[in-house]
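Asker: One structure, as structure tokens, below. Some questions next.
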Amino acid sequence: MLLLHKVRSGGTVVTAIHLISDPVGMAWTGSPKGKVKRMQQFKCRDMGIKCDFVATGQTAQEVIQKAMAHAQEKHADVLKTMTSPEQMAQMQKQMQSVIKSV
Ligand SMILES: [Zn+2]
Numbered sequence: 003m004l005l006l007h008k009v010r011s012g013g014t015v016v017t018a019i020h021l022i023s024d025p026v027g028m029a030w031t032g033s034p035k036g037k038v039k040r041m042q043q044f045k046c047r048d049m050g051i052k053c054d055f056v057a058t059g060q061t062a063q064e065v066i067q068k069a070m071a072h073a074q075e076k077h078a079d080v081l082k083t084m085t086s087p088e089q090m091a092q093m094q095k096q097m098q099s100v101i102k103s104v
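Each number in the numbering used here comes from the position in the sequence shown (counting from 1) with 2 added on.
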């Protein structure tokens with residue numbers, strides 16, 4: 003399958019062509035929906051947090067929701083420093099920027 007999509011590369015958005023033979027990410031997502039094309043993935047590590055947590059989902063939104071739930075449980079100390087909606091927005095923006103398609 004030939005997939006055209008836009009990827010972010012150092013601030014500029016470029017169009018990339020990927021040749022995909024098999025759906026990836028099925029083994030560890032356990033998705034009951036059958037075919038999964040590309041998953042979005044977030045890693046705590048990419049945020050500079052010493053943590054092995056990895057969140058995956060169909061959309062960046064879903065991944066952020068999972069990551070936020072995880073952060074509330076495991077990184078409450080980090081979240082405590084986010085006192086204003088602006089800081090929260092900034093963090094979510096940062097999270098979005100480290101999410102990768104896998
Ligand atoms: Zn974590």
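The beta-carbon is built from N, C-alpha and C at its ideal position, and this holds for glycine as well.
None of these values were measured; they are calculated from a predicted model.
What would DSSP say about Lys102, mapped onto helix, strand or coil?
Answerer: Note: Lys102 maps to strand in three-state DSSP.
Asker: Buried or exposed, going by whether 16 or more other CB atoms sit within 10 Å of the CB of Gly59?
Answerer: Buried.
Asker: I'd like to confirm something about Phe55: is its beta-carbon nearer than 7 Å to some heavy atom of ligand 1, or not?
Answerer: Flag set: Cβ of Phe55 near ligand 1.
Asker: Have a look at Phe55 and Arg47 and give me their C-alpha separation to the nearest angstrom.
Answerer: One C-alpha to the other measures close to 8 Å.
Asker: Hey, quick one: how far does the beta strand (DSSP E) through Gln43 stretch, first residue to last?
Answerer: Residues 42-45.
Asker: Write down every uninterrupted run of the alpha helix (DSSP H) in the region 39-94 whose length is 4 residues or greater and which is fully enclosed by it, in chain order.
Answerer: You should have 62-76, 78-82.
Asker: Take Met90 as the anchor and find which of Gln67, Val104, Lys39 has the nearest alpha-carbon.
Answerer: Cα-wise, what sits closest to Met90 is Gln67.
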